[in-house]
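In our numbering, the protein residues as written are 4 to 237. Worksheet for the structure shown next.
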Amino acid sequence: MPNMKLQQALAQAGVASRRKAENMILANRVQVNGKPAHIGQRVDTTTDTITFDNKNITKPEKLRYFIVYKPAGLVSSTSDEHGRKTVLSLVPNDIEERLFPVGRLDKESEGLLLLTNDGEYANTLLHPSFDVKKSYEVTVAGKVSFLAFEHLKRGVKLKEGYVAPDSAEILDTDESTTLLEITLSEGKKHEIRRMMRRIGYEVVKLVRTKFGPYSLEQLGDANILEISPPISST
Numbered sequence: 004m005p006n007m008k009l010q011q012a013l014a015q016a017g018v019a020s021r022r023k024a025e026n027m028i029l030a031n032r033v034q035v036n037g038k039p040a041h042i043g044q045r046v047d048t049t050t051d052t053i054t055f056d057n058k059n060i061t062k063p064e065k066l067r068y069f070i071v072y073k074p075a076g077l078v079s080s081t082s083d084e085h086g087r088k089t090v091l092s093l094v095p096n097d098i099e100e101r102l103f104p105v106g107r108l109d110k111e112s113e114g115l116l117l118l119t120n121d122g123e124y125a126n127t128l129l130h131p132s133f134d135v136k137k138s139y140e141v142t143v144a145g146k147v148s149f150l151a152f153e154h155l156k157r158g159v160k161l162k163e164g165y166v167a168p169d170s171a172e173i174l175d176t177d178e179s180t181t182l183l184e185i186t187l188s189e190g191k192k193h194e195i196r197r198m199m200r201r202i203g204y205e206v207v208k209l210v211r212t213k214f215g216p217y218s219l220e221q222l223g224d225a226n227i228l229e230i231s232p233p234i235s236s237t
């Protein structure tokens, strides 16, 4: 989706969130094809040249891709207005490219996250039309009953409407906790936590184990690993 609003292009390039991008545009820090940009302007990232503080952010000289293990407590963004630590703190100082996280993991959640400077590939992974699946190991308090589990698999009603996992499986259970694997192709905010709460259980730990073609197994004991460019970006 190369044609998009300028704020979205800036966000995909990892420059800033869409809200902050608007302030940067108003401050005349952004130009499109050498001319001052304006709010709501549409750009084609394959043909237009977008600069931020006189730096070309449209086409990075080198596209890089990393998978990381995000621990609980880090924010999945490039910056945080409240001063909280972000996932970019996991990136070694010798990596000069401006990376950004693809999608989000809640601050309280942990697990697999992709960092890149390839906005086009990020959109491929995030856009609903590509149906990219994400798997999670979810620990909830209590022993999930058969009826509650069947309810989860059929779908539960959230404020956005009925939502159901692509798949759900109970991996382990005892009297105090239940471990499930849940796979989704959507990405609503706090979706799994709200789904489990809807059937009467609180999530105590949530770990993303797979995201599209990537898995935690690739990381091994590392916290961050550079991976080969995807076929679609070579």
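We put the beta carbon where it would ideally sit given N, CA and C, even for glycine.
What whole-angstrom Cβ distance do residue i and residue j have, given they're in contact under 8 Å?
i    : j    : result
I230 : I70  : 6 Å
V135 : M199 : Not confirmed; about 22 Å, so no contact.
Among the residues of its own chain, which have a CB less than 7 Å from the CB of residue i, if the five just before and after it don't count?
i    : result
E34  : Checking the displayed sequence, the identity of residue 34 turns out to be Gln instead of Glu. Correct list, in chain order: A40, T54.
T237 : At T237 the pLDDT is 37, less than 50, meaning the model places this residue with poor confidence and gives no usable figure here.
N6   : R45, D47
A133 : It is worth fixing the name first, because residue 133 is Phe in this sequence and not Ala. T127.
N31  : P39
V89  : The residue you asked about is not Val; residue 89 is Thr in the sequence shown. For T89, where only same-chain residues beyond five positions count, the Cβ hits under 7 Å are L77, V78, S80, T81, S82, D83.
P232 : L66, Y68
F214 : L115, L117, K137
R21  : Q10, Q11, A14
Based on the DSSP secondary-structure assignment, which residues constitute the bridge partners of residue i?
i    : result
E220 : DSSP output for E220 lists no bridge partner at all.
V78  : T89
I173 : L183
P233 : Its beta-bridge partners do not exist; DSSP assigns none.
E140 : E184, V210
G164 : L161
P104 : L118
I227 : V71
P95  : Beta-bridge pairing links P95 to no other residue.
K58  : F55
K110 : According to DSSP, K110 bridges with nothing at all.
K38  : V35
What are the start and end residues of the alpha helix (DSSP H) that includes residue i?
i    : result
G114 : Taken as a continuous stretch (DSSP letters only), G114 belongs to no alpha helix (DSSP H), being part of the beta strand (DSSP E) at 113-119.
T48  : That residue, T48, is in no alpha helix (DSSP H); it is neither H nor E in DSSP.
K156 : 149-157
A24  : 21-29
Y124 : 122-129
E205 : Element bounds for E205: n/a, residue is neither H nor E.
At what residues does the beta strand (DSSP E) containing residue i begin and finish?
i   : result
I70 : 68-73
Q34 : 33-35
N6  : 6-8
I53 : 53-55
Counting only the same chain and skipping the five closest in sequence on each side, list residues whose C-beta sits under 8 Å from that of residue i.
i   : result
S92 : L77
To which residues of the same chain is residue i closer than 6 Å at the C-beta, ignoring the five residues directly before and after it?
i    : result
R196 : V206
M4   : Any answer about M4 is weak, because its pLDDT of 45 lies below 50 and its placement is not dependable; what the coordinates show is given next. The answer, listed in chain order, is N126.
K73  : V90, L108, E113, L116
L174 : L182, E184
Can we count residue i as close to the ligand NAP, meaning its CB is less than 7 Å from some heavy atom?
i    : result
L219 : For the structure depicted, the ligand NAP is absent and the ligand set is empty, with no information on it obtainable.
Exercise. Per the contact definition of three or more C-beta pairs closer than 8 Å, is the stretch 22-36 in contact with the stretch 100-112?
Worked result: The stretch 100-112 vs the stretch 22-36: no contact.
Does the contact criterion of 3 or more C-beta pairs under 8 Å hold for the stretch 157-171 versus the stretch 209-222? Flag = no, the stretch 157-171 and the stretch 209-222 do not touch.
**Prompt:** When the Cβ atoms of the stretch 173-189 are set against those of the stretch 144-155, are three or more pairs found closer than 8 Å?
**Reply:** Between the stretch 173-189 and the stretch 144-155 there are three or more C-beta pairs closer than 8 Å, enough to call the two in contact.
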